[in-house]
Structures are given as structure tokens and as C-alpha cells.
Amino acid sequence: MPEIDPLPLAQLTTLRTGGAPERMIDALTRDELVTVLRDVWASGDDWLVLGGGSNLLVGDEPFEGTVVRVRSAGVERLAAPEPGIARLRVQAGHAWDDLVAQSVAWGLSGIEGMSGIPGTVGAAPVQNVGAYGQEIADTLVAVELIDETTGQVVEVPAGELGLGFRTSVLKHHYGSVPARRAVILTVTLDLADIGTAPRPLTSDRLRQALPVAAGAELSLAEVRDLVLQTRRAKGMVLDDADPDTRSAGSFFQNPIVSEQFARSLPDACPRWPMESTREPVIVIPLAAYDGYVPRAAPRNVQYKLSAAWLIENAGIRKGMRLGRSRAFISSKHALALTNREDGTAAEVAELARFVQQRVAADFGIELQPEPVLVGVEL
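Put into C-alpha cells, the structure is as follows:
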């Protein structure tokens, strides 16, 4: 549990912003993380838990408090809950993509579509990470966490985490505090044990995104390779040689709107229903049928919109910047804000506000930031 000389957070975050904190501690194991957090919380100091630093925009001023780096790692195979299912318990500080690579090597399916996502395993349930039709909510069994209010360590079933589109009760949304202030210690997942041989790719979202022909058979390793190629083409795989990867990935959330609002947008705007739009089937026993079929209750289906499409169609082109700012829109993906030239958090925030204002003016939608903002306002 070494206390180390504080490093500038610009060296530890993928957006490369942030000053040095007053104090920095490395928690190398689960037990060390528990001890450190209890001590920090008892002190009353401000605190920040840092995993991979891939979902943070940290302000330029020094952080007045303690940064706890989660450095625990390890994957444990538990007893299988049923045939064909592998249960894994993973330490919070384990690199997410290392977990995906290991699961693919073991022939375990359920997270291969999330290959290349930076960050740590402990951060994944907080924002219910997902890509290409897969979300961690699909495979998550439970998390072990330490509660800030009580200091107690508890195991919480996935169903109690409020998992939704890029959210959970643990997430710090911009302008609000988490519904539950806690830190994840370990994550338990159930993955399908399908082996390493090629199999038909049944996921339409994955097949269309890669893209591969209908009915194609791919191994998990081939799916992973194609996902990494796709993400790399968008600057979404960390690469020191590619300045477009100096980002927090997608900076803005894809907005969720009502069906009525979605219909008011141009036909070209991509949208996806958040639930089935099919009319529900009504079954009436023959003995009770009187010739009248009741009308189905009206439903308010919500739609997810493409934030990238909204940004580009608000006149914001890939690769642009404001004046001589060192913050850019990615040259590969309009949804990513990049810090290509050792810019400041203030420059990134200025560009983010500009994007928000343009999209709001053209489409009446206020884009919400995806990263956690520390010492920064939009």
C-alpha cells in the first residue's frame, strides 16, 4: 500500500489533462484498497479513485485531496452455475481489454464485442459499458463494493445496480452525485463457454458493424480482431502514435428522446428504439371471446439517437478546432474530443461547450458529457 510521489493526472488520464494531487496512494490488492479507502474517508479529505483514467476530464489546477490508484489485478474462475456457463471473478484494477483477451482465449463469449475499450474492470459496471450490441449488464452477476457511508464491504447483485444505458446507481453524472457512493472491489461475470472454433455470428448489431455477411461463421478471436480493427479506424483504441486516441472515447452520450421528438428530426438522423416496437400479442380464451378485441394500451417508446450524426449535421467537421486551441474534434470520429498537442482541460471544455451549443441550436437537444468531470464545468 505504498504512498508515492504524486504524479500529474495529465500523465495518468487518456485525455492528458490534470495537475498533481496533494497525495497519491497505490492500492495493489483488494484488501489494500479497502484499508486505504476507509482511512481516506475517515480523514474527511477530498478523494478520487483512479483506474485507467479513460473516462475522466480533470481540471488544470492541482487536485486538493488524495488520489487512490486501483492497481489490483487477477481473474479467478469460480464454480460453474450451470453447464455451458463460466463464472469469473475479476479484480477491479484488472485492465478491461486484458480480461476480454483472456476470455476469448478461453473460448468464453459475452464481452468480445467490447474489445479495445480502455479502462479497468471495476469501472465497467459504473457506466454499464457496451459496444456493438453487448453491454456488461448482459453478463454481470454481482459486484463486491465498499460503501462510503458505512465503510462496509458487501456483494450487490447486478439487479440492484440500476443498470441502464451507460448508467448505474454508482455513476457520477454531470451536475449530480451518484445515488450510491461506493467503490467496486471485484466484479463477477457469467460468460457462455462456446469454445474457440468458428460459429455463426448471430448478433445483427455486431454483424452490421464489422461488417460480415449474414450466416458467416467466425471464431471469438476473429470477432475480437475485427472489433479492434473497427475501433482503431475510429481512433478508439489507445495508440501513442495516433494523436486521435488522446481522448476519453465518446465524449457525449447518445441522447434518449421520446418517439414524438424522434419523429420531429430529419429522416436521415439514425435512431434506435430502446424496446420492441411490435404491438403486444393479446390472447383471449375462446370461451371468453365476445367479439370484442380490446385496444392495446398506448406505449411511449423511447429512441436512442446518434450523437455523432447530430454533431456532424450541426456543421462541426472532423478534425476542427477553435482558433489556436489545442483541443480538436477527432479526425476519425466526430463524437471524440482529442487533446492532440498537450492542451489544457479548459480548452477541451471550451470545445465541448461549443459542440453542445451548436447541436442545441440546430436540433433542440442538449448533449450530456460521458466522462466524469473533476474540477471542470461545462
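If you read the sequence shown in the numbering used here, its first letter stands for residue 612, the second for the next number, and so on. Where a beta carbon is used, it is the ideal one built from N, C-alpha and C, also for glycine.
With respect to the 8 Å criterion, N911 and E886 are not classified as neighbours on the basis of their beta carbons. Under the 10 Å beta carbon count, W883 is surrounded by fewer than 16 other beta carbons and is classified as exposed. In the same chain as F939, and ignoring 5 residues on each side of it, the C-beta atoms closer than 6 Å to its own belong to R932, T949, R951, in chain order.
In the DSSP secondary-structure assignment, M635 is bridged to I615, V678. Annotated as proximal: P617 and P632, with beta-carbon spacing under 8 Å.
In the structure shown, the three-state DSSP call for A716 is helix. Inter-segment contact for the region 843-863 and the region 758-765 is absent: fewer than three beta-carbon pairs are separated by less than 8 Å.
Counting only residues of its own chain and dropping the five nearest sequence neighbours on each side, E687 has a CB closer than 8 Å to the CB of L699, R700, V701.
Between the region 823-843 and the region 710-721 there are three or more C-beta pairs closer than 8 Å, enough to call the two in contact. In this chain, the alpha helix (DSSP H) harbouring F974 covers 956-974. Your pair R777 and Q745 does not check out as a contact, with CB atoms roughly 13 Å apart and the cut at 8 Å. Taking a cut-off of 8 Å on C-beta distances, the region 814-821 touches the region 835-843, as three or more cross pairs fall below it. Runs of the alpha helix (DSSP H) lying entirely within the region 800-859, each at least 4 residues long, are 815-820, 831-844 in chain order. The DSSP-derived three-state label of F863 is strand. Judged by DSSP secondary structure, T646 falls outside any beta strand (DSSP E) and instead within the alpha helix (DSSP H) spanning 641-654. Boundaries of the alpha helix (DSSP H) around L921: 918-923. In this structure, L916 is the residue among L916, L849, M847 with its C-alpha nearest to the C-alpha of D878.
A straight-line Cα-Cα distance of about 41 Å links P896 and A753. By the Cβ neighbour-count rule, S787 is exposed, with fewer than 16 other Cβ atoms within 10 Å of its own. With fewer than 16 other beta carbons inside 10 angstroms of its own, T813 counts as exposed. In the structure shown, the three-state DSSP call for D758 is strand. Residues of the same chain with a CB within less than 8 Å of the CB of W707, apart from the 5 flanking positions on each side, are G663, M725, I728, P729, G730, T731, V732, A734, A735, V740 in chain order. Per DSSP, the unbroken beta strand (DSSP E) holding R882 starts and ends at 882-884. Here the alpha carbon of R680 sits roughly 5 Å from the alpha carbon of D637. For E755, the CB contacts under 6 Å within the same chain, skipping 5 residues up- and downstream, are E766, L796, T797 in chain order. The three-state reading of DSSP puts I747 in helix, counting H, G and I together. By alpha-carbon distance to E988, the top candidate from L962, Y914, M635 is L962. The criterion of a C-beta distance shorter than 8 Å is not satisfied by A918 and L876. In the structure shown, E766 falls within a strand segment according to DSSP collapsed to helix, strand and coil.
Taking the C-beta atoms as reference points, S861 is found nearer than 8 Å to E981. Taking the C-beta atoms as reference points, G954 is found no nearer than 8 Å to R928.
Here R627 is buried: its Cβ has 16 or more other Cβ atoms, across all protein chains shown, within 10 Å.
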